[in-house]
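Letter by letter, the sequence shown follows residues 120 to 530 in the working numbering. In what follows, a structure is listed as structure tokens, so that the remarks can point back to it.
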Amino acid sequence: MQVPGKYKFIVQLGKALHTYGVPSYKSQIYLTEISEKKGIKGSFMDTPTWINYVFYEEEEQTYNYVECVPPGELNLGALSRIVEITNDVLSNKSSFEEAKIAMEQLKTAPFAYGKLTELAAFILSAGAFSMILDTSWASAITASIIGAVIYGITLLAQKSGYIRSALESLIAFAATLITGLLSMQFEQINISMTILASIIVFIPGLSITTALEEITSRSLVSGTAKLFDALVSLFKQFFGVVLGLAILPLFVDLQPNNVINDVPEWLDYLAILVLALSLAVVFKVRTRDLLYCVIAGFISFYTTTLLDFTGILVSIFIGTIVAVSISKLFGKITRSPQLVFLVPGIVMLVPGSKAFIGLSSVFLGADGVQSNMGTQVLYIFMGIIGGLIFSGSFMDRNIKKASSKSMMPER
Numbered sequence: 120m121q122v123p124g125k126y127k128f129i130v131q132l133g134k135a136l137h138t139y140g141v142p143s144y145k146s147q148i149y150l151t152e153i154s155e156k157k158g159i160k161g162s163f164m165d166t167p168t169w170i171n172y173v174f175y176e177e178e179e180q181t182y183n184y185v186e187c188v189p190p191g192e193l194n195l196g197a198l199s200r201i202v203e204i205t206n207d208v209l210s211n212k213s214s215f216e217e218a219k220i221a222m223e224q225l226k227t228a229p230f231a232y233g234k235l236t237e238l239a240a241f242i243l244s245a246g247a248f249s250m251i252l253d254t255s256w257a258s259a260i261t262a263s264i265i266g267a268v269i270y271g272i273t274l275l276a277q278k279s280g281y282i283r284s285a286l287e288s289l290i291a292f293a294a295t296l297i298t299g300l301l302s303m304q305f306e307q308i309n310i311s312m313t314i315l316a317s318i319i320v321f322i323p324g325l326s327i328t329t330a331l332e333e334i335t336s337r338s339l340v341s342g343t344a345k346l347f348d349a350l351v352s353l354f355k356q357f358f359g360v361v362l363g364l365a366i367l368p369l370f371v372d373l374q375p376n377n378v379i380n381d382v383p384e385w386l387d388y389l390a391i392l393v394l395a396l397s398l399a400v401v402f403k404v405r406t407r408d409l410l411y412c413v414i415a416g417f418i419s420f421y422t423t424t425l426l427d428f429t430g431i432l433v434s435i436f437i438g439t440i441v442a443v444s445i446s447k448l449f450g451k452i453t454r455s456p457q458l459v460f461l462v463p464g465i466v467m468l469v470p471g472s473k474a475f476i477g478l479s480s481v482f483l484g485a486d487g488v489q490s491n492m493g494t495q496v497l498y499i500f501m502g503i504i505g506g507l508i509f510s511g512s513f514m515d516r517n518i519k520k521a522s523s524k525s526m527m528p529e530r
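Have a look at this one:
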């Protein structure tokens, strides 16, 4: 069905915001504001798999348009560009036609950093996170090697629908097998932590947090669907680990290793910087925003570390408020969406890794498994959501400001 020209830009914008991972309720706010700016009455609903546009025309008639779209993937570089295009329209710097052409060009814009750079990001993120978990040099090196293997699997997934559908389970299974086999030769490999570090890019902690944020903001349909999808993704990875742990004992005598942390403590500071930089590459952050993303991740992580004495709930709560505040500051400095800088901050706090550590340790039968792991995960969730609530919505307000300025009478 042909979309009327006056609505086409709004439909394109909604799809772009969805595609590049903007939370549903924020997409709806963006679409509502730009519609009001252009004198169009409309109502919008964005869900993980479809978008519903309702435009109110004269004589109580409406125009409905429903589009099925696949779930979006976080692409912070494309997100920044989409917001720039939208702001230009709201401030009358560009017309709808020019904006539509810019969005078409965005589909083929090279936001990726190249295969070698992405490979390095997978390797460094795995090794750096292993160091942060206070493991050992053997664990960090093993996680880095597995990170390279996992990147190879993700490249294959781009060409194979079967591999893409089983990707989460496949990478967890491969990481478990490689870690288990290498642990037989190198006793200083911490099995559960190494597996977690090697697949840290795929742990859906951020997705779970975003889903809970949407539920908190009363976007119930989208939030519930995204929460279930993130949990299914997490359980796919659990299945891969459990399958690997079930197969390994058939061939080798797999036992948890008694690991001594031989990585100097001061290297944790370097590791968190490397992790933040690597994740920025994975999330396709534009080069001009890279430094700010690294700083945001570093500050968020060490805020919670310094406040460990206050307990996990309070430290995560304050860390989230700091992350939001930093993202707002950097958003004003760079005029990029605040979400670009908030993601690296929040991703350091998300509870997915805690849940993974607890379950994988149980399956390994490791000693010293924390019985209150579930409570810690819940406290982390509560701390992040509470921090987001008390610090206000972190949606970029440049659109609102641009709209207000453009409606002011000229003198």
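For every residue, glycine included, the Cβ atom is placed at its ideal position computed from N, Cα and C.
Coil, strand or helix - residue i by DSSP
{"i": "Ala160", "result": "Reading off the sequence, residue 160 comes out as Lys, not Ala. Strand."}
{"i": "Trp169", "result": "strand"}
{"i": "Lys125", "result": "helix"}
{"i": "Phe358", "result": "helix"}
{"i": "Tyr421", "result": "helix"}
{"i": "Tyr175", "result": "strand"}
{"i": "Glu192", "result": "coil"}
{"i": "Tyr270", "result": "helix"}
{"i": "Arg337", "result": "coil"}
{"i": "Met467", "result": "coil"}
{"i": "Lys212", "result": "coil"}
{"i": "Thr254", "result": "coil"}
{"i": "Gly342", "result": "helix"}
{"i": "Val141", "result": "coil"}
{"i": "Val130", "result": "helix"}
{"i": "Ala259", "result": "helix"}
{"i": "Arg454", "result": "coil"}
{"i": "Ala135", "result": "helix"}
{"i": "Ala330", "result": "helix"}
{"i": "Ser510", "result": "coil"}
{"i": "Val488", "result": "Only weak support is given to the placement of Val488: the predicted model assigns it a pLDDT of 46, under 50, and the question is left unresolved by the model."}
{"i": "Ala228", "result": "coil"}
{"i": "Met526", "result": "Summary for Met526: the model assigns pLDDT 40, below 50, so the residue's position carries little reliability; its value from the coordinates is reported in the next sentence. Residue state, collapsed to three classes: coil."}
{"i": "Leu478", "result": "Confidence at Leu478 is low in this model, with a pLDDT of 48, below 50, so the placement of that residue should be treated as unreliable; the coordinate-derived value is given next. Reduced to three states, the DSSP call for Leu478 is helix."}
Terminal residues of the alpha helix (DSSP H) in which residue i lies
{"i": "Thr217", "result": "As written in the sequence, residue 217 is Glu, which differs from the Thr given in the question. Here the alpha helix (DSSP H) through Glu217 covers Phe215 to Leu225."}
{"i": "Gln277", "result": "Neither: Gln277 is in no alpha helix (DSSP H) and is coded neither H nor E."}
{"i": "Gly246", "result": "Lys234 to Ile251"}
Residue j beta carbon less than 8 Å from that of residue i
{"i": "Leu432", "j": "Gly502", "result": "yes"}
{"i": "Glu186", "j": "Lys134", "result": "yes"}
{"i": "Ser352", "j": "Pro323", "result": "yes"}
{"i": "Ser455", "j": "Gly438", "result": "no"}
{"i": "Ala267", "j": "Phe305", "result": "no"}
{"i": "Thr329", "j": "Pro189", "result": "no"}
{"i": "Val320", "j": "Val401", "result": "yes"}
{"i": "Thr261", "j": "Thr313", "result": "yes"}
{"i": "Leu346", "j": "Ile334", "result": "yes"}
{"i": "Leu331", "j": "Ile504", "result": "yes"}
{"i": "Leu103", "j": "Phe292", "result": "The displayed coordinates of the chain run from 120 to 530. Any statement about residue 103 would go beyond what the structure contains."}
{"i": "Tyr149", "j": "Ser336", "result": "no"}
{"i": "Gly430", "j": "Ile445", "result": "no"}
{"i": "Ile290", "j": "Ile310", "result": "no"}
{"i": "Ser510", "j": "Val459", "result": "no"}
{"i": "Arg405", "j": "Ser255", "result": "no"}
{"i": "Leu238", "j": "Tyr270", "result": "yes"}
{"i": "Ile379", "j": "Gln307", "result": "yes"}
{"i": "Lys403", "j": "Leu275", "result": "no"}
{"i": "Gly359", "j": "Ser288", "result": "yes"}
{"i": "Ala349", "j": "Ile318", "result": "no"}
{"i": "Thr181", "j": "Phe174", "result": "yes"}
{"i": "Ile435", "j": "Leu468", "result": "yes"}
{"i": "Ala399", "j": "Phe449", "result": "no"}
{"i": "Leu136", "j": "Met250", "result": "no"}
{"i": "Val413", "j": "Leu396", "result": "yes"}
Extent of the continuous beta strand (DSSP E) to which residue i belongs
{"i": "Tyr182", "result": "Thr181 to Cys187"}
| query | Do three or more CB pairs link the stretch 244–258 to the stretch 203–221 at distances below 8 Å? | reply | Verdict: no, contact absent.
Notebook entry, point to check: Okay, do the stretch 160–167 and the stretch 221–229 touch, 3+ Cβ pairs below 8 Å being the bar?
Noted result: No, the stretch 160–167 does not touch the stretch 221–229.
task: Would you list, in sequence order, the uninterrupted alpha helix (DSSP H) runs of no fewer than 4 residues that lie entirely inside the stretch 286–322?
output: Listed in chain order, they are 286–304 and 310–317.
Item checked: Segments of 4+ residues assigned as alpha helix (DSSP H) that fall wholly inside the stretch 363–449 -> Within the stretch 363–449, the alpha helix (DSSP H) runs of at least 4 residues that lie entirely inside it are, in chain order, 386–401 and 409–425.
Are at least three pairs of beta-carbons, each pair with one atom in the stretch 162–172 and one in the stretch 202–216, less than 8 Å apart?
With the cut-off at 8 Å, the stretch 162–172 and the stretch 202–216 do not touch.
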